[in-house]
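Here the structure comes first, spelled out in structure tokens, and everything after it is commentary.
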Amino acid sequence: MIYLELFLAFFIPNIIGYGGGPAIIPLIEAEVVGRFGWMSSQEFAEVLGLGNALPSPIATKMAGYIGYEVAGIGGATIAVFATVVPTLLIMLGALGLLYRYRDSPRVKRMSQWVRPVIAMMMAGLVVSFFFESLDGVGLLHTLLIAAMAAIALLLFRLHPALVIAASLAYGGLLLG
Numbered sequence: 002m003i004y005l006e007l008f009l010a011f012f013i014p015n016i017i018g019y020g021g022g023p024a025i026i027p028l029i030e031a032e033v034v035g036r037f038g039w040m041s042s043q044e045f046a047e048v049l050g051l052g053n054a055l056p057s058p059i060a061t062k063m064a065g066y067i068g069y070e071v072a073g074i075g076g077a078t079i080a081v082f083a084t085v086v087p088t089l090l091i092m093l094g095a096l097g098l099l100y101r102y103r104d105s106p107r108v109k110r111m112s113q114w115v116r117p118v119i120a121m122m123m124a125g126l127v128v129s130f131f132f133e134s135l136d137g138v139g140l141l142h143t144l145l146i147a148a149m150a151a152i153a154l155l156l157f158r159l160h161p162a163l164v165i166a167a168s169l170a171y172g173g174l175l176l177g
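Residue numbers (my numbering): 2 to 177.
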């Protein structure tokens, strides 16, 4: 029964909440503190503070911690699953609609606009990473890593994961 309660405590806020983690935190608190009484408001505030201090989405971190506190590893698994399932269902539904209407001129036009927007977002990310790298390790290492990555990807056609791993190893061994 506790697993069902954990599932509902995290599924309901995530299915009806809109706006991501900060928007659903009060809904999760209402379930965890108010409805089920698994922790006090003070304890919930401490979990929230801890969750904000760590990287990644706040809702999944809180779900994992609270689920673990309530029912161990199984509880953590159920709570995180319940947090992720609403987004997964919405994505599958949206993909189903896009697939169903893939021959529609409107969907084709929409798809044509998505690619350049994603390309510009990725270009912005690359520029941001470039300047962060310049500040962190300097011009020489930044250009050396970029050149070696380009050669590995374009000339030797290495898998991007291998290039990333090699860049991390370079940074860890020579720059760490």
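Glycine included, every Cβ here is placed at the ideal spot set by N, Cα and C.
Could you tell me the alpha carbon to alpha carbon distance between residue 169 and residue 147, rounded to whole angstroms? Distance between the alpha carbons of residue 169 and residue 147 is about 12 Å.
Ranges of the alpha helix (DSSP H) found wholly within the stretch 99-154, counting only runs of at least 4: Entirely contained in the stretch 99-154, the alpha helix (DSSP H) runs reaching 4 residues are, in chain order, 106-138, 140-151.
Residue 37 in three-state terms, based on DSSP: The answer is coil: DSSP assigns residue 37 none of H, G, I, E or B.
Alpha carbon of residue 67 to alpha carbon of residue 2, nearest angstrom: Distance between the alpha carbons of residue 67 and residue 2: 16 Å.
Segment contact, 8 Å Cβ cut-off, at least three pairs: the stretch 31-47 with the stretch 74-92: Judged by Cβ distances under 8 Å, the stretch 31-47 makes no contact with the stretch 74-92, as fewer than three pairs qualify.
Using a Cβ-Cβ cutoff of less than 6 Å, which residues in the same chain neighbour residue 18 once the five nearest sequence positions on both sides are dropped? Cβ within range, chain order: 24, 25, 28.
So the candidates are 55, 39, 58, 63; which of them puts its Cα closest to the Cα of residue 48? Considering only alpha carbons, the answer is 63.
Please give me, in chain order, every unbroken run of the alpha helix (DSSP H) with length at least 4 that falls completely inside the stretch 4-70. Listed in chain order, they are 22-30, 42-54.
Give the C-beta separation of residue 45 and residue 30 to the nearest angstrom, bearing in mind that I take them to be a contact with Cβ-Cβ under 8 Å. Indeed they touch by this definition, with Cβ atoms about 5 Å apart.
Residue burial classification, residue 128 (beta-carbon count within 10 angstroms, cutoff 16): Counting of Cβ neighbours within 10 angstroms places residue 128 among the exposed residues, the total staying below 16.
Mapping the DSSP letters down to three states, classify residue 157 as helix, strand or coil. Reduced to three states, the DSSP call for residue 157 is coil.
Alpha-carbon spacing of residue 87 relative to residue 5, whole angstroms: Residue 87 and residue 5 have their C-alpha atoms roughly 16 Å apart.
Cβ neighbours of residue 65 in the same chain (closer than 7 Å, five flanking residues each side left out): Closer than 7 Å at Cβ, skipping near neighbours: 77, 80, 81.
Taking all protein chains shown into account, do 16 or more other C-beta atoms lie within 10 angstroms of the C-beta of residue 89, making it buried, or fewer, making it exposed? Flag for residue 89 reads exposed.
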